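To keep things clear, I will list the structure first and then write my remarks on it.
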Amino acid sequence: MFNNLKYVSCDSFESVFELINDSTKKNCIIAGGTDVITGIRNESNRFKNIDYIIDFKKIIKVHQIVENEKDYLVGAFVTFTELTDYFENKKEFRLLTDAINRIGNLQVRNRATIGGNIVNCAPCADSVPPLLVYGATVILASSSEEREIELSDFLVSPYKTTLKENEFLAYIRIPKEEKEYKGNFVKLGKRRGVTISRISIAVLAKIEENKFIDIRIASGAITPIAKRFYSIEEKFKGKETNTEIIKQIVSEIAKEVLGQTGIRWSYPYKLPVFQQLLYSEIKKLTL
Amino acid sequence: MLFKDLCRLAYSKGLSLATVGWYKGPNVSWDEHSGQGEAYFTYVYSCHVADLTLNTITGEVFIDKITAIHNSGTVINRLGAEGQIYGGSTQGAGYGLWEHLTTIDGYIKDLNYDNYLIPTSLEIGEIEPILIEGKDPYGAWGAKSLGEPTLELTAAAIANGVKNASGNRYFNLPLNIEEVKIKEKLNSNSLNRGSM
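The following block contains the structure:
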């Protein structure tokens, strides 16, 4: 399975483009490799017949976090440990660091990267719901252009993104948190350590005088890809933060989830638990 | 006399410091037909108390504390004995809450530890071992056994704790989160790994 693979360590974007612009070869960009290596070993279809494995280890600019005036530019190849260390120090993006601290175990987080988690596009990717509520965008580089798109537009379906063959994810831009926002992240797994999310929820809200000035809700693992509920959020802006309204938000979201996925074997459990967790997380913000 | 001098002396006299001996346990009897008899020559007694928190929204059970009381005869190596209890209670908790082997048409579905869940160090709070010593007339230096007994009780203690908290009595293990929440086991019919 590893026999026909060639490993290439690139030291500049140009040398990467040279490889990925050759459409006769199948390339696979590797960041931490926690999905790629296991995928190849399990002979998963996504990783079959790969010619080149491209490593970015030597390209320093995608391993850095840069603070700008309005946002942070996070290199796609920053590991989860580096990312949580950085933002926990800054006391920023608590939802994101909470979510990341529950991914796998320390050994996995030391290798796995934020970009890898996004590009892999698993339904249960834990870093995605917080990034969605923070309004993160992804910056995709190709030899001809650098395009920046919303994270929610980047994710298409399970394990499928809008990334083209000749592109790679270079940076993630996260707008700086506005201080008046409060938020919560909750992950439900079968156990506490080293567990795949069964449900994850990120909520972020700005509440003034018992009204939702802004509310942002994203979920993971319950829908085919992590999802932000833009249209429902919009409906409840300016509404009062009472029990009735929160119940309405929850039931509309549950309806949308059900509409998108249909009934699944796990729903007798997951759907009521999702609704109750979502209710209690929003309720906590209003207290 | 120092131990090394003793060794040297024994070596110079051609004496071995090792010895070999035999011990035969008392006879036991077992009548297959009547199911009666003395199956073992000594018995161990123990009791586990599981102190747990049940999340009624999600069905998650967290074990805050396990108190494990074991009568194991003379304790020869206390650290080793306590270690046995920590390990056994944790394995017992896995038996009670996570370790579920699923088969489809006779094929085992859980082929690795990503699907077959065992407890990690984050799953269990404190474990307090209490050893009640007593000199057993048959075991070596009065010791009895403390391997298997440590893992047999925890699952039952947890199931009783869940009954106490939720009012529901479960008759099969493990008590996974779905079952605790909706009182039925859910199984996907696919061999694929995943969380949907």
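Heads up: the protein sequence lines correspond to chains R and S, in order. Position 116 of the first sequence, counting from 1, maps to 925 under the numbering used here, and the rest follow consecutively. Position 186 of the second sequence, counting from 1, maps to 194 under the numbering used here, and the rest follow consecutively. Glycine included, C-beta positions come from ideal geometry on N, C-alpha and C. Computed from a predicted model, the values in this text were never measured in an experiment.
Please classify residue i as buried or exposed, where buried requires at least 16 neighbouring CB atoms within 10 angstroms.
| i | result |
| --- | --- |
| L1086 of chain R | buried |
| S54 of chain S | buried |
| T888 of chain R | buried |
| I840 of chain R | The question names Ile, but residue 840 of chain R in the sequence shown is Ala. A840 of chain R should be labelled buried. |
| G88 of chain S | exposed |
| S832 of chain R | exposed |
| F1038 of chain R | buried |
| T158 of chain S | buried |
| H56 of chain S | buried |
| Y943 of chain R | buried |
| S203 of chain S | Reliability of the predicted coordinates at S203 of chain S is poor, the pLDDT of 41 falling under 50, and the value obtained from them is presented with this limitation in mind. Its Cβ being crowded by 16 or more others within 10 Å, S203 of chain S is buried. |
| H6 of chain S | Because residue 6 of chain S is not part of the residues shown, which for chain S are 9 to 204, the question remains open. |
| V1066 of chain R | buried |
| A1014 of chain R | buried |
| C819 of chain R | buried |
| L14 of chain S | exposed |
| R86 of chain S | exposed |
| G45 of chain S | exposed |
| N877 of chain R | exposed |
Suppose the cutoff is 7 Å on Cβ atoms and the five residues either side in sequence are ignored; what does the same chain contact list for residue i look like?
| i | result |
| --- | --- |
| D880 of chain R | R982, I983, P984, K985 |
| P127 of chain S | T98, A101, G102, W106 |
| E901 of chain R | E986 |
| C930 of chain R | L964, P967, Y968, K969, T970, I1034 |
| Y48 of chain S | V36 |
| S961 of chain R | L941, R1037 |
| G133 of chain S | I71, D72, K73 |
May I ask you to report which of helix, strand or coil DSSP gives residue i?
| i | result |
| --- | --- |
| I859 of chain R | coil |
| E1090 of chain R | helix |
| L908 of chain R | In the sequence under discussion, the amino acid at residue 908 of chain R is Ala, which differs from the Leu named in the question. In this structure, A908 of chain R counts as helix in the three-state DSSP scheme. |
| Y19 of chain S | helix |
| N993 of chain R | strand |
| Y895 of chain R | helix |
| S961 of chain R | helix |
| N929 of chain R | helix |
| Q44 of chain S | strand |
| Y31 of chain S | coil |
| Y1078 of chain R | helix |
| E1018 of chain R | coil |
| T970 of chain R | strand |
| E1043 of chain R | helix |
| E955 of chain R | strand |
| V36 of chain S | coil |
| D5 of chain S | Look at the range of chain S in this structure, 9 to 204, and you will see that residue 5 of chain S is not part of it. |
| F811 of chain R | coil |
| V887 of chain R | coil |
| F977 of chain R | strand |
| V1066 of chain R | helix |
| K1036 of chain R | strand |
| P182 of chain S | coil |
| I1058 of chain R | helix |
| N919 of chain R | helix |
Taking Cβ positions, are residue i and residue j nearer each other than 7 Å?
| i | j | result |
| --- | --- | --- |
| L60 of chain S | I71 of chain S | yes |
| G67 of chain S | V170 of chain S | no |
| F963 of chain R | T970 of chain R | yes |
| E897 of chain R | T906 of chain R | yes |
| T893 of chain R | I874 of chain R | no |
| S37 of chain S | K152 of chain S | no |
| T1050 of chain R | I1016 of chain R | yes |
| S936 of chain R | I923 of chain R | yes |
| I1008 of chain R | I1031 of chain R | yes |
| I859 of chain R | K835 of chain R | yes |
| Y1078 of chain R | L139 of chain S | no |
| F1045 of chain R | I1024 of chain R | yes |
| H78 of chain S | L154 of chain S | yes |
| A1027 of chain R | P938 of chain R | yes |
| L1094 of chain R | K999 of chain R | no |
| V52 of chain S | E141 of chain S | no |
| F886 of chain R | F865 of chain R | yes |
| A58 of chain S | I166 of chain S | yes |
| I912 of chain R | R920 of chain R | no |
Taking 6 Å as the limit between beta carbons, can you name the residues of its chain near residue i, skipping five residues before and five after?
| i | result |
| --- | --- |
| I838 of chain R | I863, F977 |
| G292 of chain S | With chain S running from 9 to 204 in the structure shown, residue 292 of chain S is simply not present. |
| E957 of chain R | T946, I948 |
| A1011 of chain R | L904, P938, P939, V942, F994, A1027 |
By Cβ distance, which residues of its chain are closer than 8 Å to residue i, with the 5 residues on each side in sequence left out?
| i | result |
| --- | --- |
| G114 of chain S | none |
| L119 of chain S | none |
| N975 of chain R | F826, I829, N830, S832, S951, S952 |
### Message
Ignoring anything shorter than 3 residues, give me the beta strand (DSSP E) runs that lie fully in the stretch 124-175 of chain S, in order along the chain.
### Response
You should have 132-140.
### Task
Go through the stretch 48-124 of chain S residue by residue and report every complete run of the alpha helix (DSSP H) that reaches 4 residues or more, in order.
For the stretch 48-124 of chain S, whole alpha helix (DSSP H) runs of length 4 or above, ordered along the chain, are 86-105.
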